[in-house]
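The block underneath contains the structure these notes are about, expressed in structure tokens.
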Amino acid sequence: MSPFPFRPWYRHHRRRHRQLLGILSGLALVVILVVGQVGWSAPETISAPALMARLNTNTAPLILDVRSPSEYAAGHIPGALNIPYREIPDQLATLSEFLADEVVVYCEVGVRAGVAEIMLEQAGFQQVVPLEGDMRGWREAGLPISTEIPENTP
């Protein structure tokens, strides 16, 4: 009698495991190739220092603060336009001149900006970019904050 009575069983299952590993590896390769063909990439964002640099060189995009008017009044990025995210559908006609332009959206921590980004993209805006870190990140970076309210806000 063999000292290892289960050895043939082990060899059989080891062979099956190799086959399964080969199949899964092949599927993973197919997924990678398909994703590469579709052109999927990580969402683009703009950092607070990069946006500040653009503000300093007068090459800033349209900046939308999608927080509430009271949050906006308490402090916002200089030059930002306040349109609370729930009002975006009502303001699309006003914003339509920016359809092909870069539009940076931000809120306090990113949730409302994410909703605004989706609404704007579905409305045909081609370059909607969330602010990395949102207003909280802007504050933590020690960048300038304005409390001025423009007269001609929508």
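Yeah, the sequence shown ends on 320 if you go by our numbering, and it's all consecutive. Even for Gly, the Cβ is constructed at its ideal location relative to N, Cα and C.
Top-ranked residue by Cα proximity to residue i, from the options
i: L309; options: I189, I249, A216 and V295; result: A216
i: T260; options: M218, I249 and A226; result: I249
i: P227; options: R278, E263 and E314; result: E263
i: G245; options: R252, N224 and S234; result: N224
i: V277; options: P316, N222, G299 and E314; result: G299
i: I284; options: E274, R252, I311 and E314; result: R252
i: E314; options: P235, L221, V271 and I254; result: P235
i: R233; options: D256, S312, C273 and N222; result: C273
The alpha helix (DSSP H) enclosing residue i, as first and last residue numbers
i: D300; result: D300 to E306
i: L221; result: A214 to N222
i: V281; result: V277 to Q288
i: L258; result: I254 to L261
Start and end residues, beta strand (DSSP E) containing residue i
i: D231; result: L228 to D231
i: Y272; result: E268 to Y272
i: Q293; result: Q293 to P296
Nearest-angstrom Cα separation, counted from residue j out to residue i
i: A240; j: G290; result: 31 Å
i: Y238; j: L297; result: 16 Å
i: I243; j: I189; result: 52 Å
i: I212; j: L286; result: 17 Å
Test item: CB-CB of residue i and residue j under 8 Å
i: D267; j: Q293; result: yes
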